[in-house]
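Enquirer:
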Amino acid sequence: MAWTAAATLCCRLLRLPSARRPPSSRARCSAAQSPDAVDKEYADLNLRPLYPNRGHHMRIRQHVNPLSSSFSEPTEPPEWKEVFDDPLLPLMVDIGCGSGRFLIWHAKNSGKRQNYLGLEIRQKLVERAQFWVNELELMNVCFMFANATVSFQKIISSYPGPLSLVSILCPDPHFKKRHHKRRVLQQPLVDSITKNLCLGGRVFIQSDVLEVAVDMRERFDGYSGILAHVNYVDQDLQCDHEGWLLDNPMGIRTEREIHAELEGATIYRRMYQKIRDAS
C-alpha cells in the first residue's frame, strides 16, 4: 500500500538488462492517471478539502529501514476507551496502512459494528490520516505510528475485544536479498497474528510482486492445522489453479492496487481463516 507506482517501475527496470531506458508511453500515461484513479475510487470520502494548506501532496519517504534503532522499541498501546467508542467490538488491523484511505473508507461505509486500526511506520502519513479521522468525527478508526514487526504483539494483546481481521496489502518489497530482513512480515509477526486472531478471524494478504506474495503465503501456509485458506470455508471465493484469489474480497482497492493495475500488473491475493487454536 505504501510505495508508489514510480518506485515500482524503477524496481522493475533495474532488473532488466537495459535499466536506463526511459519508461514506456503506457507507463507514463498510467503514472499520470494514478492520482485521478485513486481520487475516483475514494470520491465519497471527499478528503482533499479536509486538509487545507497542510500539504496534501506531502513529501513522504517511500522506503524506511525498520531495522533502524529508532524503530527497535515496541510502541505502547493506546488507552482503547479513549480512541474507540466501544473497545469491545471486533478489531480489523491494517499493517502498513499507508495514507489510511482504505481503512477510513471501511470505517465509514462497511456498516459493520467493528473497530479499525492502522499501523504505519511513516509518521507524516499517520498524522494526516488521524487528522482526517478527527475531521470526519469517526470513533471506530484509529491510526498509530509504529513498526508493526516489533510492536504488533504488545499493541494487540492489550485490546479488550476480539481480533477479527488482519490485512497486509502490498507491503514494501525490499527487492535486494540482503534487505529481505527489512520486510514487514517476519516470522515473529506471523506467530503473533496467528496467536491473537480469534476463532473465525481472517488474514488477508496481497502483493503485485509475486516473490513477496509467495513469501507471505509460505509463512501462513505453515499454519495449516490452525489456518485454512478461505476458499475451503467460503465457496463463493474463487481461486485460480495456483490458489490465488481471483477477486478482491474487501469491496474497495488499495491505492497501491490501483496504481499496479493501471500498469497492467497482476495482484496476488490469499485469505486465511482461523479454524482452531494452537493449543
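Last residue of the sequence shown: 467 (my numbering), numbering continuous. Using N, Cα and C, we set each Cβ at its ideal position, and we do this for glycine too.
Between the Cα of ASN470 and those of GLU399, ILE292, SER412 and SER287, spot the shortest distance and give me the residue it belongs to.
Expert: Shown here, the chain extends from 189 to 467; a query on residue 470 therefore has no answer.
Enquirer: What are the start and end residues of the alpha helix (DSSP H) that includes ARG316?
Expert: 311-324
Enquirer: Do HIS368 and ASP409 have their beta-carbon atoms positioned less than 9 Å apart in this structure?
Expert: no
Enquirer: What runs of the alpha helix (DSSP H), each 4 residues or longer, lie entirely inside the region 365-420?
Expert: 375-384 and 398-409, all fully within the region 365-420.
Enquirer: Let me confirm a value: TYR420 is counted as buried when at least 16 other C-beta atoms fall within 10 Å, else exposed. Which label applies?
Expert: Looking at its Cβ environment, which holds fewer than 16 other Cβ atoms inside 10 Å, TYR420 is exposed.
Enquirer: Kindly indicate which residue of GLN461, MET280, ILE283 and GLN311 has the alpha-carbon position closest to the one of GLY388.
Expert: GLN461
Enquirer: Using the beta-carbon count (16 or more within 10 Å), is ALA190 buried or exposed?
Expert: Note that ALA190 scores a pLDDT of 46, beneath 50, so its modelled location is shaky and nothing firm can be said.
Enquirer: Taking DSSP as the reference, what is the three-state secondary structure of LYS300?
Expert: Here LYS300 sits in coil by DSSP.
Enquirer: Indicate whether VAL226 and GLU443 have their beta-carbon atoms separated by less than 9 Å.
Expert: yes
Enquirer: Using a Cβ distance threshold of 8 Å, determine whether the region 377-386 contacts the region 433-447, with at least three qualifying pairs required.
Expert: no
Enquirer: Nearest to LEU324 by alpha carbon, out of PRO223, ASP232 and GLY439?
Expert: With distances taken between Cα atoms, LEU324 lies closest to ASP232.
Enquirer: With DSSP as the reference, identify every bridge partner of GLY306, one or two as the case may be.
Expert: ASP282 and PHE331
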